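Colleague: Dumping the structure here so I can ask a few things about it.
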Amino acid sequence: MKVLTVVGARPQFVKASAVSRALNAAGHNEQLVHTGQHYDAELSDVFFKELEIPDPAFELGVGSASHGAQTAAMIDGLEPVVAEVEPDVIVLYGDTNSTLAGAIVGSKVDATVAHVEAGLRSFTDMPEEVNRRLTDHAADLLFAPTAGAVTNLAAEGLEEGVYRSGDVMYDVLLRVVDRSTGWSKILERLEVTPGNYVLATVHRERNTDDPSRLRSIVDALSTSSLPVVFPAHPRTIDRLERNDLLERARRELHLTEPVGYLDFVQLLDAADRVVTDSGGVQKEAFFLDTPCVTLREETEWAETLECGWNELVGTDRRAIERALERERSLEDKPSPYGDGRAAESIVEVLERAR
Ligand code: UD1
Ligand code: UDP
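Rendered as structure tokens:
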């Protein structure tokens with residue numbers, strides 16, 4: 001089976017690593033296209049190295065731009081690649097502009113388009129929600145990580161080609177968590193000890209590009225009684241700077257560059273709690289039994305809210321402050337994300353579909 005995998009942004013490298021490994025183990029010919037949506041080494045190269053992802057066969061080098069310009073450049077770059085490779089299957093991940101570009105190009109050629117992480121919905125108008133909905137409706141095979149995702153697809157009339165696969169990020173985490181613990185020296189480097197710091201990540205457009213939301217997040221994090229380790233996305237650094245918040249954030253928080261995946265897993269595993277607006281981090285916190293405070297009003301990962309392991313606080317300063325200090329009563333969790341073999345089950349379905 002000839003597979004073309006389209007990736008471009010940090011969380012997609014993580015997800016693709018699991019399926020790539022399973023495709024390779026089953027002897028399939030996979031080629032990767034990197035759109036170039038993320039290009040800084042700490043958002044891209046480090047994941048290829050640490051997760052042993054095959055080097056991309058094609059690099060589109062699209063870079064940063066407005067949604068329309070970026071997606072258009074990806075479509076323009078992908079079309080000739082698909083024509084050259086003539087893949088049997090095109091695999092897309094998640095909900096970024098790279099996903100949407102792959103869906104648009106793939107749905108117009110004679111290839112099976114597979115969407116991994118199908119059926120997630122936040123029921124908002126955020127750009128990722130647009131990307132997921134359009135991709136699900138353009139794809140032929142929909143790999144839904146959870147029962148809830150299957151239900152969401154059915155509510156939109158999507159029942160054919162839907163498979164509940166489990167979550168590929170769970171596969172990856174299970175594989176690396178022990179390696180991360182033995183290998184990573186990030187806690188020593190940042191001079192924090194297990195259980196005695198808060199981890200924070202913020203990059204969602206709605207939070208970074210709204211100065212009052214961004215300020216409220218910085219204000220609240222600055223009051224934490226525990227040190228706050230904050231590996232900041234370049235978008236966030238840029239917006240902190242534009243809003244005169246960067247110096248203060250550097251002074252009052254442990255602001256760092258984004259860290260590699262193995263360091264991040266270690267930081268997340270040993271944190272007292274994590275404060276985030278990331279989709280993937282909410283899930284990984286749940287897998288690692290780290291309480292999560294989510295800086296959004298809604299989440300597409302609703303299962304993480306069960307049993308108190310994740311809570312939605314939005315960006316109201318007091319609500320974040322309360323969540324930072326509150327003792328949480330944490331109950332045993334269900335396992336809604338599969339058994340850690342999602343990638344293998346995806347490959348089996350792809351094989352049957354051709
Ligand atoms: C994108 C995805 C988002 C995902 C996130 C993962 C879309 C619409 N958004 O958001 O769903 O959660 O990736 O991290 O696809 N930049 C750099 N270096 C880089 C990449 C970006 O400095 O290597 C800066 C640029 O100023 C750029 C900004 O970050 O304008 C935003 O990058 P972009 O890829 O457009 O969106 P993300 O916020 O990363
Ligand atoms: N991550 C990382 N280093 C960091 C921050 C995040 O390796 O400094 C990883 C994290 O473990 C998860 C993925 O990046 O696997 C999540 O990416 P992000 O939050 O950018 O995107 P989202 O999941 O919100 O789309």
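Just so you know, the sequence shown maps onto residues 1 to 354 in UniProt numbering. The beta carbon of each residue, even a glycine, is placed where N, CA and C say it ideally should be. Every value quoted in this text rests on a predicted model; they were computed, and no experiment measured them.
From which residue to which residue does the beta strand (DSSP E) around residue 356 run?
Modeller: No answer is possible for residue 356: the residues shown for the chain start at 1 and end at 354.
Colleague: Report yes or no: do the stretch 34-42 and the stretch 115-125 share at least 3 C-beta pairs separated by less than 8 Å?
Modeller: no
Colleague: Could you give the distance in angstroms between the alpha-carbon of E52 and the alpha-carbon of G63?
Modeller: Counted from its first residue, the sequence shown places residue 52 at position 52. Counted from its first residue, the sequence shown places residue 63 at position 63. So the alpha carbons of these two residues sit roughly 23 Å apart.
Colleague: Hey, would you say residue 358 sits closer than 7 Å to L245, going by beta carbons?
Modeller: Because the chain here runs from 1 to 354, residue 358 falls outside it and cannot be looked at.
Colleague: So, is D178 buried or exposed, given that buried needs 16 or more other C-beta atoms within 10 angstroms?
Modeller: Indexing the sequence shown from 1 puts residue 178 at position 178. D178 should be labelled exposed.
Colleague: By Cβ distance below 6 Å, which residues in the same chain neighbour P194 in space, the five residues on each side in sequence not counted?
Modeller: Taking the sequence shown and counting its residues from 1, one reaches residue 194 at position 194. Shown here for P194: same chain residues with a beta carbon closer than 6 Å to its own, the five before and five after excluded, namely A270 in chain order.
Colleague: In terms of alpha-carbon separation, which member of A83, E129, E159 lies closest to T99?
Modeller: Here residue 99 refers to the residue found at position 99 when the sequence shown is read from its first residue. Out of A83, E129, E159, E129 has the C-alpha closest to the C-alpha of T99.
Colleague: Sort out for me which residues DSSP pairs E30 with in a bridge.
Modeller: Residue mapping note: residue 30 aligns to position 30 of the sequence shown, counting from 1. Bridge partners of E30: V3.
Colleague: Buried or exposed, going by whether 16 or more other CB atoms sit within 10 Å of the CB of S44?
Modeller: The residue you call residue 44 lines up with position 44 of the sequence shown. Classification of S44: buried, given that the 10 Å Cβ count is 16 or more.
Colleague: So with Cβ pairs under 7 Å, would you call S122 a contact of chain C?
Modeller: Considering every chain present, this structure includes no chain C. It has just one protein chain.
Colleague: Does DSSP classify Y337 as helix, strand or coil?
Modeller: By one-based count along the sequence shown, residue 337 stands at place 337. Three-state result, Y337: coil.
Colleague: Using a threshold of 6 Å, is the CB atom of S278 nearer than that to any non-hydrogen atom of the ligand UDP?
Modeller: Numbered from its first residue, the sequence shown carries residue 278 at position 278. Yes - the ligand UDP has a heavy atom lying nearer than 6 Å to the Cβ of S278.
Colleague: Quick one: residues in its chain with C-beta nearer than 6 Å to the C-beta of G106, no 5 flanking neighbours on either side, listed in chain order?
Modeller: Translated into the one-based positions of the sequence shown, residue 106 becomes position 106. Excluding residues within five positions, the ones whose Cβ falls inside 6 Å are I90, V113.
Colleague: For F123, which three-state DSSP category applies?
Modeller: In the sequence shown, residue 123 corresponds to position 123, counting from 1. DSSP places F123 in coil when its eight states are reduced to three.
Colleague: T146 lies in the beta strand (DSSP E); which residues open and close that run?
Modeller: On the sequence shown, position 146 is the one that residue 146 refers to. Where T146 is concerned, there is no enclosing beta strand (DSSP E), given that its DSSP letter is neither H nor E.
Colleague: Roughly how many angstroms lie between the CA atoms of D171 and A57, to the nearest whole one?
Modeller: Walking along the sequence shown from the start, residue 171 turns up at place 171. Walking along the sequence shown from the start, residue 57 turns up at place 57. Their backbone Cα atoms lie some 24 Å apart in a straight line.
Colleague: Give the straight-line distance between the Cα atoms of G27 and V198, rounded to the nearest whole angstrom.
Modeller: By 1-based counting over the sequence shown, the position of residue 27 is 27. By 1-based counting over the sequence shown, the position of residue 198 is 198. Cα to Cα, the separation comes out at about 43 Å.
Colleague: Any heavy atom of the ligand UD1 closer than 6 Å to the CB of T96?
Modeller: Your numbering for residue 96 matches position 96 in the sequence shown. Answer for T96: yes, Cβ within range of the ligand UD1.
Colleague: First and last residue of the beta strand (DSSP E) that includes A114?
Modeller: If you number the sequence shown from 1, residue 114 lands on position 114. It spans 112-116 - the beta strand (DSSP E) in which A114 sits, taken as one unbroken run.
Colleague: So is N196 buried or exposed if we call it buried at 16+ other beta carbons inside 10 Å?
Modeller: As a working note, residue 196 is residue 196 in the sequence shown. By the neighbour-count definition (other C-beta atoms within 10 Å, threshold 16), N196 is an exposed residue.
Colleague: For V109, count neighbouring C-beta atoms within 10 Å of its own C-beta (all shown protein chains included) and say buried if the count is 16 or more, exposed if not.
Modeller: For the purposes of this step, residue 109 is identified with residue 109 of the sequence shown, where counting begins at 1. So V109 counts as exposed.
Colleague: Would you say the beta carbon of E117 is closer than 6 Å to some non-hydrogen atom of the ligand UD1?
Modeller: On the sequence shown, residue 117 is found 117 positions in, with the first residue counted as 1. Result no, Cβ not under 6 Å from the ligand UD1.
Colleague: Tell me the start and end of each unbroken alpha helix (DSSP H) in the stretch 281-347 that is at least 4 residues and wholly inside, in chain order.
Modeller: 317-325
Colleague: From what residue to what residue does the beta strand (DSSP E) around L92 run?
Modeller: By 1-based counting over the sequence shown, the position of residue 92 is 92. Following the DSSP letters along the chain, one finds L92 inside the beta strand (DSSP E) bounded by residues 89-93.
Colleague: Can you tell me which of the three DSSP states A72 falls into?
Modeller: In the sequence shown, the residue the question calls residue 72 occupies position 72. Three-state result, A72: helix.
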